[in-house]
Each structure stands twice: as structure tokens, then as C-alpha cells.
Amino acid sequence: MPRLSHKVIIDADPGIADALAIALALCDPVLDVVALTAVGGRVSAAQAADNLMAIVQAVDPPKWPRFGVADSPESSYELVRFSERYGDAVDLSRRLNGECGLGSWPAPAAALHHVRSAVKLLLECTRDAPGEITLVTLGPLTNVALACDLDPEFLSRLRRLVCFAGTLEGPGDLTPAGEFNVCFHPHFARRVLRYPANKTLVPLDIGRKPILTFDHIQKFPWREESTLSRLLSSLLSFALRSHHQHLGVEGLWLMDVTAVALVAQPQLFKTQSLAVDVETEGLLTRGMTVFDRRLNREWRPNIDVVIDVDAAEVLAHALRTFRQALRVA
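Going by my numbering, the sequence shown opens with residue 2, and the numbers climb by one from there.
Here it is as C-alpha cells:
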């Protein structure tokens with residue numbers, strides 16, 4: 002008996018890792034991607050919107066999602082200020098993902114029409130289908146925080162909020178203590194992660210467990226006439242080369258793919274209810290996710306945190322889904 006589709010919205014700032022996760026979601030028959038919303042982060046909000054369009058054009062799913070673009074007047078300023086604070090790390094991100102975020106993949110063939118505000122689209126979708134939609138955030142939590150400001154009931158209308166953000170035990174990727182999505186706007190991240198709602202956090206150190214290598218992609222059924230095939234080949238080849246060149250890593254962490262896989266394959270994950278907070282001011286620890294894991298815990302648990310994952314099965318799920326999509330594309 003076929004599984005019922007699970008409605009999802011993905012909020013992202015697509016670099017290559019986000020793009021792979023979005024492509025996976027669009028190819029997965031278990032997931033019904035009802036909307037994609039752009040947020041500024043690894044790329045500008047405007048570039049994020051272009052990248053979302055480019056991904057959907059290449060995958061060309063039977064039903065296209067709705068699109069939302071960030072309309073915060075602060076978004077451009079925030080990106081400039083963030084780049085000034087973390088210049089070296091931002092430069093590394095550009096080298097890993099390419100100047101526009103999708104490696105050498107070209108800009109979309111057509112611009113977005115009937116553009117909606119990302120925040121308003123999030124509110125509209127959840128009002129139309131209360132309790133049915135899982136929101137997966139792959140970038141900074143700006144849009145989610147702004148949606149909560151406009152409508153305090155927003156998160157309560159979600160089936161679940163899944164955030165790829167923060168670190169549980171390992172180091173950060175932007176700073177020794179901080180992960181990019183939280184560090185981009187720690188105050189917004191703190192508000193969202195502490196908000197009373199059904200939330201699951203996929204931390205960076207869990208997302209780095211599934212690893213894709215050159216050996217895996219050599220076994221893909223590539224088809225030159227398929228835009229999906231060309232997109233995946235371009236993204237994966239660029240990312241594997243850049244990670245080898247700039248990080249000395251022989252493989253690609255499927256971090257954001259892991260967050261999407263949590264929705265489609267929850268049995269592959271182990272979670273624990275924990276209390277989380279975000280450091281917003283520390284000189285060395287700004288953007289750090291802090292969990293109360295003491296034996297005599299005083300903080301009240303406020304989020305489910307993924308503490309382990311069957312990395313081999315997450316990788317197998319992604320490879321299986323992409324291979325099937327490539328065969329029918």
C-alpha cells in the first residue's frame with residue numbers, strides 16, 4: 002500500500018547542500034513540497050530565490066511548489082554586516098559553493114512570477130492546512146522569527162518544525178563554537194528554538210555523519226538529456242572537488258539532506274527531549290547552541306534533538322531516491 006504524502010515547506014538559502022536536499026524532497030514520492038521560501042544566509046535573499054527557481058526548473062516535478070521571497074528590509078544589511086564579522090568563513094563558503102551558491106550551475110531560465118513574501122506565504126499555507134505541514138529550515142531562522150512576530154500562533158499550526166541548525170557536541174562550522182544558521186542571526190534563532198511548539202533540531206554534528214563520495218556518484222544512471230541528471234552531476238562534482246581542495250575532505254557531508262530525510266524516514270533517527278538556548282553576546286561563543294545535559298537538569302526541555310542517525314541508511318535512501326528519479330526523468 003503506498004504511503005501517504007507528507008506536506009512540507011522548505012525554507013532555505015541554497016548553497017549546494019541545501020540544493021541537494023531540496024532536489025531530494027522534490028524527487029521523494031513520500032513528500033509533497035507545497036512551498037519553497039528563500040532566506041538570506043550563505044547567499045543573498047535575492048540569490049536564494051533565483052537558486053530555488055533554478056533547482057525546481059531542473060528537477061521539474063509533476064507539481065511545482067509555490068515560491069516565497071524574503072522581503073525583510075534588513076536582509077541585505079544583515080548579510081553585509083555578517084560578512085564583515087566573519088569574512089574568512091564567508092569566503093570559504095563561497096569557495097565551497099561557488100559565487101552564486103550552486104557551483105557552476107547557471108541562473109534560472111526564467112524569473113519568478115507572482116512573487117509572494119516568504120513570511121506571508123508561510124502564514125497563508127499554515128492557515129489553509131493547519132496541523133498538516135512540516136516546515137524544514139535549512140538556513141537562518143529569519144523568516145520563521147518574522148512569521149512568529151506577525152502571528153504568534155504560526156508555529157502551533159505546523160505539524161512540526163524541523164531545523165538544521167546548531168551543534169550538539171562537535172565544533173561549529175562558522176566559528177569553533179557556532180554553526181552558520183544560528184550565528185547568522187542568534188537573536189532570531191534563540192526566539193525560534195525556545196518557542197513552545199513541536200520542534201526537532203538536526204545539529205551539524207549529526208548532519209555530518211552521512212557522507213557521499215566519488216564512488217557513489219560514479220554508479221549513478223546519468224543521462225545527458227535529463228536536466229535533473231545534469232544538475233546533480235554539476236552540484237556533486239563541484240562540491241566534491243571544492244571540499245577536497247579547500248577542506249582536505251574526501252567526500253561530501255549530506256547535512257541538509259539529513260534534515261529532509263528525517264521527515265521522510267523518521268525511523269532512521271534517535272531523538273532526545275532537551276532544553277536548548279542560544280548564546281547571543283559571547284565574544285567567543287556567539288551563536289553557540291547550549292543544551293542542559295546535566296544530571297540535575299534545571300532547564301525545562303523545549304525541543305527534540307536528534308542525537309543519533311543511521312547514516313548508512315540515510316545515504317542509501319538519498320541514493321535510491323535520486324537513482325529512481327534519474328531513471329524516469
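Even for Gly, the Cβ is constructed at its ideal location relative to N, Cα and C.
Are the C-beta atoms of residue i and some chain D residue less than 7 Å apart?
i: Thr259; result: The displayed structure is made up of one protein chain only, and chain D is not part of it.
Please state whether the Cβ-Cβ distance between residue i and residue j is less than 7 Å.
i: Ile1; j: Ile23; result: Residue numbering for the chain in the displayed model covers 2 to 330; residue 1 lies beyond these limits and cannot be assessed.
i: Ala39; j: Ala119; result: yes
i: Leu236; j: Ile56; result: no
i: Arg298; j: Trp254; result: no
i: Ile134; j: Lys8; result: yes
i: Leu263; j: Val163; result: yes
i: Trp300; j: Asp293; result: yes
i: Pro222; j: Leu327; result: yes
i: Leu21; j: Val261; result: no
i: Ala36; j: Pro66; result: yes
i: Leu124; j: Leu159; result: no
i: Leu232; j: Ala108; result: no
i: Ser84; j: Phe239; result: no
i: Asp19; j: Leu139; result: yes
i: Arg161; j: Val279; result: no
i: Thr322; j: Cys101; result: no
i: Phe155; j: Ala146; result: no
Within 10 Å of its beta-carbon, does residue i have 16 or more other beta-carbons around it, so buried, or fewer, so exposed?
i: Arg43; result: buried
i: His318; result: buried
i: Glu251; result: exposed
i: Pro3; result: Because Pro3 carries a pLDDT of 45, less than 50, the predicted location of this residue cannot be relied on, and no value is offered for it.
i: Asp309; result: exposed
i: Ser274; result: exposed
i: Pro177; result: exposed
i: Pro197; result: exposed
i: Gly69; result: buried
i: Ala71; result: buried
i: Thr333; result: As shown, the chain starts at 2 and ends at 330. That puts residue 333 outside it, with no answer to give.
i: Ala313; result: exposed
i: Glu180; result: buried
i: Pro15; result: buried
Which residue comes first and which comes last in the beta strand (DSSP E) that contains residue i?
i: Glu69; result: Before going further, note that residue 69 is Gly rather than Glu in the sequence given. From DSSP, the beta strand (DSSP E) with Gly69 extends over 67 to 70.
i: Ile10; result: 7 to 13
i: Ala178; result: Careful: Ala178 lies outside any beta strand (DSSP E) and carries neither H nor E.
i: Asp33; result: 32 to 39
Let's see if you can read the secondary structure: which residues bound the alpha helix (DSSP H) around residue i?
i: Asp216; result: 215 to 218
i: Pro161; result: Note that residue 161 is Arg in the sequence shown here, rather than Pro. Note, Arg161: premise wrong, no alpha helix (DSSP H); beta strand (DSSP E) at 161 to 165.
i: Asn320; result: Correcting the residue type first, residue 320 is Leu in the shown sequence and not Asn. Note, Leu320: alpha helix (DSSP H), 312 to 329.
i: Asp206; result: 205 to 208
i: Asn199; result: Per DSSP, Asn199 belongs to no alpha helix (DSSP H) and is neither H nor E.
i: His188; result: 187 to 195
i: Val1; result: With the chain covering 2 to 330 only, the question about residue 1 has no answer from this structure.
i: Leu169; result: Per DSSP, Leu169 belongs to no alpha helix (DSSP H) and is neither H nor E.
i: Val57; result: 46 to 60
i: Leu25; result: 17 to 28
i: Arg96; result: 88 to 98
**Request:** Jot down the residue ranges of each uninterrupted beta strand (DSSP E) in the stretch 128 to 154, minimum 3 residues, whole runs only, in chain order.
**Result:** 135 to 138
**Request:** Please confirm if the stretch 89 to 101 is in contact with the stretch 240 to 257, defined as three or more CB-CB distances below 8 Å between the two stretches.
**Result:** Under the 8 Å Cβ criterion, the stretch 89 to 101 counts as touching the stretch 240 to 257, having at least three qualifying pairs.
**Item:** 3-residue-minimum beta strand (DSSP E) runs that sit fully inside the stretch 247 to 304, ordered along the chain
**Value:** Listed in chain order, they are 270 to 275, 277 to 279, 290 to 292.
**Asked** Contact between the stretch 196 to 208 and the stretch 162 to 179: three or more CB pairs below 8 Å?
**Response** At 8 Å Cβ cutoff, the stretches touch.
**Prompt:** Between the stretch 269 to 289 and the stretch 185 to 192, do three or more beta carbon pairs fall short of 8 Å?
**Reply:** yes
**Message:** Does the structure place the stretch 214 to 222 close enough to the stretch 46 to 61 that three or more beta carbon pairs sit under 8 Å?
**Reply:** no
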